[in-house]
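Colleague: Residue numbers (our numbering): 5 to 404.
Following this message is one structure expressed as structure tokens.
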Amino acid sequence: MAYVLIALAILALIGAAALWRLDAQTRRPAAPQPVAPAPEAAETTVEGPEEDPAEEEPVYAEVVEEPELPAEPEVQEAPAETPETPAIPEPEPRPEPVRPATAHRSSGLQLPGSTRRERKAWAEERGFEFIRSDDYLVDEWARGAAAGGAAAKDIVSGWAYRHEMLLMDLGGTNVMAMRTGAASDVVADFRRGVVSDSGTAEPTDLVEVEQVGDFTAFGTDAGAVQRLIDIRVHTALDLMPSPVTAVWMESDWVLAQTARGSTAEDWEGMLAPLALLADAARVLPPRSRSGLSLRVEDFVPSRRMPAAPTRELVPPIPEEHEAREAVDIPPVLRPEEPLELPTRHAARGRGVVEPRSIGGDEIDPIADGAPIAHDDSIRVLRTTEARPTIFDDGEAADER
């Protein structure tokens, strides 16, 4: 369908060019034609006798006098005015700085795949990663453009301003997401013009909180959203490009969706405000830990565990045993001089050692080179000197 519209547009341009050329030719001034000489006055014929040609009167051509142009009126000088003392002008108020509007395409007509190519080129320019689809992102969001459950495609992933960033196509809507780093059960939704572009039903759990610039703030907890809105949120929403139609905070993400026809300049201008909102989202109450507890009793056990032992109460000690007699502790007698223990720090001989030859005792030596006696009781020793006889069975059968 897009190619048909492009062909019709080209034909319309050709027709417009032809009409413009024809109109220019009709309005072109005609070339000045040469002035024909004035015709000679006709000779006056008089009835009567013919006259001699020598007596004919000469004929003179009529002289056409050119009309005189009217004289230009003389310019009269204005009388000199006496200078008056100028009044002191009041100081004008300083104009507020106006944010320049973001450039957009002149028309909504796009070639198929042009947005994908532009998104891929932007990813290569910024050093980001580009993938066609990611099914794991379906369960991440449930608001805004993601309410329809469409899978993300043409995904640009990277890091910007110390936050994980994703730029993707959700059901035909361009969405940019940044991770905040802290999950929260409170949803904050900011919409420009309070118009939903996703085509889905409006959520019923959102309540209107207040107006923030061009955006209207909604949330599941009005008090938490009011505490969220500070100078960072005001600055970020004021710096959002005009194609951004909605910004919302969900779980540990802050997302912004744009209208159709957004360009790389719009995506570049969304990075800093979205990172500022991701920092401000840490003010929201953290997610409750009650739903994250591990319920072991609901699992199927792999093996039965023994029951916990029962604790037996110790009977009280009777009073007669409490008053125990004092036990006599024998005194510890320590020698005046400490006992010298043997040490390897210095060689010292103790006792008398008789000289004797090494190996002259009754113990058999273990490395005298004698042959080792084999015990062949549990195995059969075979020699490899004789040839095998397994191949002689066939010859013996032939001899028989």
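For each residue, glycine too, the CB sits at the ideal point set by N, CA and C.
Please read these numbers as outputs of a predicted model, since none were measured by experiment.
Which residues share a DSSP beta bridge with aspartate 138?
Modeller: As a first step, residue 138 must be located in the sequence shown, where it is residue number 134. Paired residue(s): Ala156.
Colleague: By Cβ distance, which residues of its chain are closer than 8 Å to proline 290, with the 5 residues on each side in sequence left out?
Modeller: Looking up residue 290 in the sequence shown gives position 286. Excluding sequence neighbours, proline 290 sits near Ala186, Ala187 and Ser188.
Colleague: Assuming the contact rule is C-beta atoms closer than 8 Å, alanine 240 and proline 277 should be a hit. Round their C-beta distance to whole Å, please.
Modeller: Along the sequence shown, read from residue 1 onward, the residue named residue 240 stands at position 236. Along the sequence shown, read from residue 1 onward, the residue named residue 277 stands at position 273. That pair is a contact at about 4 Å.
Colleague: Counting beta carbon pairs with one atom in the segment 178 to 185 and one in the segment 250 to 260, are three or more of them shorter than 8 Å?
Modeller: Yes, they touch.
Colleague: By the three-class DSSP mapping on this structure, what secondary structure does alanine 28 have?
Modeller: The residue labelled residue 28 in the question sits at position 24 within the sequence shown. Looking at alanine 28 - three-state DSSP - the assignment turns out to be helix.
Colleague: Using CA coordinates, which residue listed in Tyr140, Ser306, Arg383 and Ile362 is at the minimum distance from alanine 154?
Modeller: By 1-based counting over the sequence shown, the position of residue 154 is 150. Closest option to alanine 154, Cα to Cα, is Tyr140.
Colleague: Helix, strand or coil: how does DSSP classify phenylalanine 219 here?
Modeller: Here residue 219 refers to the residue found at position 215 when the sequence shown is read from its first residue. Three-state DSSP puts phenylalanine 219 in a strand.
Colleague: Alpha carbon to alpha carbon, what distance is there between alanine 6 and histidine 167?
Modeller: Numbered from its first residue, the sequence shown carries residue 167 at position 163. Numbered from its first residue, the sequence shown carries residue 6 at position 2. Each residue's alpha carbon lies about 38 Å from the other.
Colleague: What residue does the beta strand (DSSP E) around glutamate 182 start on, and which one ends it?
Modeller: As a first step, residue 182 must be located in the sequence shown, where it is residue number 178. Glutamate is not the amino acid found at residue 182; the sequence shown has methionine there. 177 to 183 is the span of the beta strand (DSSP E), which, as asked, contains methionine 182.
Colleague: Once DSSP output is grouped into helix, strand and coil, what is the label at arginine 341?
Modeller: Reading the sequence shown from its first residue, position 337 is the one you call residue 341. A small correction: the amino acid at residue 341 is glutamate; arginine does not occupy that position in the sequence shown. Glutamate 341: coil per DSSP, three-state reduction.
Colleague: Report the three-state DSSP secondary structure of glycine 273 (helix, strand or coil).
Modeller: Sequence index remark: in the sequence shown, residue 273 carries index 269 (1-based). It is helical.
Colleague: Would you mind giving the Cβ-Cβ distance between leucine 243 and alanine 284, rounded to the nearest angstrom? I have them listed as a contact below 8 Å.
Modeller: The residue labelled residue 243 in the question sits at position 239 within the sequence shown. The residue labelled residue 284 in the question sits at position 280 within the sequence shown. 13 Å between Cβ atoms; not a contact.
Colleague: If we ignore side chains and look at the alpha-carbon of each, how far apart do threonine 393 and alanine 374 end up?
Modeller: Here residue 393 refers to the residue found at position 389 when the sequence shown is read from its first residue. Here residue 374 refers to the residue found at position 370 when the sequence shown is read from its first residue. Their backbone Cα atoms lie some 36 Å apart in a straight line.
Colleague: Since arginine 195 and valine 248 should fall inside the 8 Å C-beta cutoff, what is the C-beta to C-beta distance between them, to a whole number of angstroms?
Modeller: To locate residue 195, count along the sequence shown from 1; it is residue 191. To locate residue 248, count along the sequence shown from 1; it is residue 244. The C-beta distance from arginine 195 to valine 248 rounds to 10 Å, too long to meet the 8 Å contact threshold.
Colleague: Hey, would you say valine 190 sits closer than 9 Å to aspartate 225, going by beta carbons?
Modeller: Along the sequence shown, read from residue 1 onward, the residue named residue 190 stands at position 186. Along the sequence shown, read from residue 1 onward, the residue named residue 225 stands at position 221. Cβ atoms of valine 190 and aspartate 225: closer than 9 Å.
Colleague: Using a Cβ-Cβ distance cut-off of 9 Å, determine whether alanine 350 contacts chain B.
Modeller: Absence of chain B from the displayed structure is noted, only one protein chain being present.
Colleague: Roughly how many angstroms separate the alpha carbons of serine 266 and aspartate 143, rounded to a whole number?
Modeller: Reading the sequence shown from its first residue, position 262 is the one you call residue 266. Reading the sequence shown from its first residue, position 139 is the one you call residue 143. If I take the Cα positions, the gap works out to 26 Å.
Colleague: Could you pull the DSSP bridge partners for serine 161 from this structure?
Modeller: Taking the first residue of the sequence shown as 1, we reach residue 161 at position 157. Paired residues: Glu133 and Leu170.
Colleague: From this set, Asp234, Val336 and Thr208, which residue's C-alpha is nearest valine 216's C-alpha?
Modeller: Walking along the sequence shown from the start, residue 216 turns up at place 212. That would be Asp234, whose Cα lies nearest to the Cα of valine 216.
Colleague: Quick one, are the C-beta atoms of tryptophan 271 and tryptophan 126 less than 9 Å apart?
Modeller: As a position in the sequence shown, residue 271 is number 267, starting the count at 1. As a position in the sequence shown, residue 126 is number 122, starting the count at 1. Yes, these two residues count as a Cβ contact at 9 Å.
Colleague: Below 7 Å CB to CB, which residues in the same chain sit around alanine 84 once its five sequence neighbours on both sides are set aside?
Modeller: Start at 1 with the first residue of the sequence shown, and residue 84 comes out as number 80. In this predicted model, alanine 84 has a pLDDT of only 49, less than 50, meaning its place in the structure is not dependable enough to derive any value.
Colleague: Round the Cβ separation of alanine 228 and leucine 288 to the nearest angstrom and send it over; I've been treating them as touching at under 8 Å.
Modeller: Here residue 228 is taken as the residue at index 224 of the sequence shown, counted from 1. Here residue 288 is taken as the residue at index 284 of the sequence shown, counted from 1. That pair is a contact at about 6 Å.
Colleague: Express the C-alpha separation of arginine 31 and tryptophan 24 in angstroms, rounding to a whole number.
Modeller: On the sequence shown, position 20 is the one that residue 24 refers to. On the sequence shown, position 27 is the one that residue 31 refers to. Tryptophan 24 and arginine 31 have their C-alpha atoms roughly 11 Å apart.
Colleague: Leucine 259 by DSSP, collapsed to three states: which one?
Modeller: Locating residue 259 in the sequence shown gives position 255, where the first residue counts as 1. The answer is strand: DSSP assigns leucine 259 an E or B state.
Colleague: Along the beta strand (DSSP E) that carries alanine 192, what are the first and last residues, could you check?
Modeller: Counted from its first residue, the sequence shown places residue 192 at position 188. 192 to 196 is the extent of the beta strand (DSSP E) around alanine 192.
Colleague: Which of helix, strand or coil does DSSP assign to valine 357?
Modeller: Mapped onto the sequence shown, residue 357 falls at position 353. Three-state DSSP puts valine 357 in coil, outside helix and strand.
Colleague: Quick one: what does DSSP say tryptophan 126 is sitting in, helix, strand or coil?
Modeller: Stepping through the sequence shown from its first residue, residue 126 is reached at position 122. Helix, per DSSP.
Colleague: Return the CA-CA distance between alanine 151 and tryptophan 145, expressed in angstroms with no decimal places.
Modeller: Stepping through the sequence shown from its first residue, residue 151 is reached at position 147. Stepping through the sequence shown from its first residue, residue 145 is reached at position 141. Cα atoms of alanine 151 and tryptophan 145: separation of roughly 8 Å, rounded to the nearest angstrom.
Colleague: Give every residue of the same chain whose Cβ lies closer than 7 Å to the Cβ of alanine 268, excluding the five residues on either side of it in the sequence, and list them in chain order.
Modeller: To locate residue 268, count along the sequence shown from 1; it is residue 264. Hits under 7 Å: Glu122 and Trp126.
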